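Using my numbering, the letters of the sequence shown map in sequence onto residues 3 to 298.
Glycine included, C-beta positions come from ideal geometry on N, C-alpha and C.
None of the values given here were measured: they were computed from a predicted structure.
One structure below.
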Amino acid sequence: MLKRLKPYMMPTAITVGAVFYQFFTMLSFLTPYLIFIMLFLTYCKLKFDNIRVTPLHLWLILIQILGSIAVYLILRPFNAILAQGVMICLLAPTATSAPVITGMLKGNVASLTAYSLISNLSVALIAPVIFSLIGSYNSLPFLDSFITILRPIFVLLFLPFALSLLLQRTNPQVAARIGSFSGLSFYLWSLALGIVTGRTVEFIVKQNSANYSIEILIAIGAFIICASQFLVGRMIGKRYDDTVAGGQGLGQKNTILAIWMAQMYLNPIASIGPGAYVLWQNIINSYQVWLKRKTL
Numbered sequence: 003m004l005k006r007l008k009p010y011m012m013p014t015a016i017t018v019g020a021v022f023y024q025f026f027t028m029l030s031f032l033t034p035y036l037i038f039i040m041l042f043l044t045y046c047k048l049k050f051d052n053i054r055v056t057p058l059h060l061w062l063i064l065i066q067i068l069g070s071i072a073v074y075l076i077l078r079p080f081n082a083i084l085a086q087g088v089m090i091c092l093l094a095p096t097a098t099s100a101p102v103i104t105g106m107l108k109g110n111v112a113s114l115t116a117y118s119l120i121s122n123l124s125v126a127l128i129a130p131v132i133f134s135l136i137g138s139y140n141s142l143p144f145l146d147s148f149i150t151i152l153r154p155i156f157v158l159l160f161l162p163f164a165l166s167l168l169l170q171r172t173n174p175q176v177a178a179r180i181g182s183f184s185g186l187s188f189y190l191w192s193l194a195l196g197i198v199t200g201r202t203v204e205f206i207v208k209q210n211s212a213n214y215s216i217e218i219l220i221a222i223g224a225f226i227i228c229a230s231q232f233l234v235g236r237m238i239g240k241r242y243d244d245t246v247a248g249g250q251g252l253g254q255k256n257t258i259l260a261i262w263m264a265q266m267y268l269n270p271i272a273s274i275g276p277g278a279y280v281l282w283q284n285i286i287n288s289y290q291v292w293l294k295r296k297t298l
């Protein structure tokens with residue numbers, strides 16, 4: 003029954019979250035806990051001894067970090083909110099579900115899994131620096147702002163990794179048992195998607211201006227960034243005989259985390275960027291899977 007409902011979970015979560023945004027906004031405190039649990043379940047399933055860093059991973063992380071800074075600097079003179087909304091779509095780490103799609107596309111799951119871990123841990127260190135300079139805490143001294151932002155992001159992204167690694171080293175049976183429940187992450191993701199959608203809608207409804215041109219531009223920018231990341235990732239991956247992992251590693255983002263970070267540390271309207279990215283990346287992934295099945 004649940005498997006039959008899976009294809010409809012994303013549009014249902016978005017619709018319900020948008021319609022009942024006042025209720026879901028009250029649940030926004032749950033978002034970091036849901037992200038933590040999803041990461042912990044996923045990491046407990048990983049085989050850390052099989053993680054290998056390759057030149058492809060280094061290229062992808064450079065594009066993810068330097069690209070996000072470059073996009074922000076290019077768009078900032080036009081509009082700060084637009085720049086933030088598009089930037090976060092590049093900075094966001096790889097989705098923990100990306101290995102699943104990679105497997106469906108017959109790609110290198112081990113390579114993508116390794117990059118997903120590298121990407122999330124890198125963002126834990128880099129995001130606080132960027133947000134301290136451009137976000138809602140930039141009025142504070144840099145060090146104060148950095149520490150304020152680092153604490154929750156580092157705990158959210160690093161602690162699940164550290165706990166799962168410790169558990170695998172001390173009690174691998176328990177770690178394996180916890181990892182067997184990683185399928186629950188999809189349903190937790192659906193709940194989190196409803197919550198962050200509701201909060202985004204609330205920000206839009208409560209804004210002073212009725213002009214939605216910036217929101218539309220952010221959504222368009224998110225599409226351009228989404229398509230570009232899948233394309234560039236595949237181009238770089240092809241050079242290392244790892245086309246699928248390159249595309250999914252750079253293109254498939256942890257959008258729930260990105261929306262949460264935007265709502266917490268940037269202008270809340272910027273969260274429309276990763277919010278729209280949810281739709282764009284799912285369209286691209288669906289097309290890729292359909293194309294792959296068609297050629298089998």
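The C-beta of Met266 has 16 or more other C-beta atoms within 10 Å across all chains shown, which makes the residue buried. Here Thr257 has Pro276, Tyr279, Val280 as same chain residues with Cβ atoms under 6 Å from its own Cβ, once five neighbours each way along the sequence are excluded. Nearest to Phe50 by C-alpha distance, out of Val125, Gly239, Phe163, Pro34, is Phe163.
Straight-line measurement puts the Cα of Pro34 at about 17 Å from the Cα of Gly19. Checking the DSSP bridge columns, you'll see Thr96 partnered with Lys255. Note on geometry: alpha-carbon atoms of Ala260 and Arg171 lie some 30 Å from one another.
By the CB criterion at 9 Å, Ser118 and Pro95 fall inside the cutoff. Rounded to the nearest angstrom, the Cβ distance from Ser124 to Ile76 is 22 Å, too far for a contact under 8 Å.
Using a Cβ distance threshold of 9 Å, Phe26 and Gly200 count as a contacting pair. As the crow flies, the alpha-carbon of Pro57 is around 17 Å from that of Gln231. The three-state reading of DSSP puts Asn52 in helix, counting H, G and I together. In the structure shown, Leu268 adopts coil according to DSSP, grouped into three states.
At a cut-off of 4 residues, the continuous stretches assigned as alpha helix (DSSP H) that sit fully inside the segment 32-78 are 33-47, 57-77.
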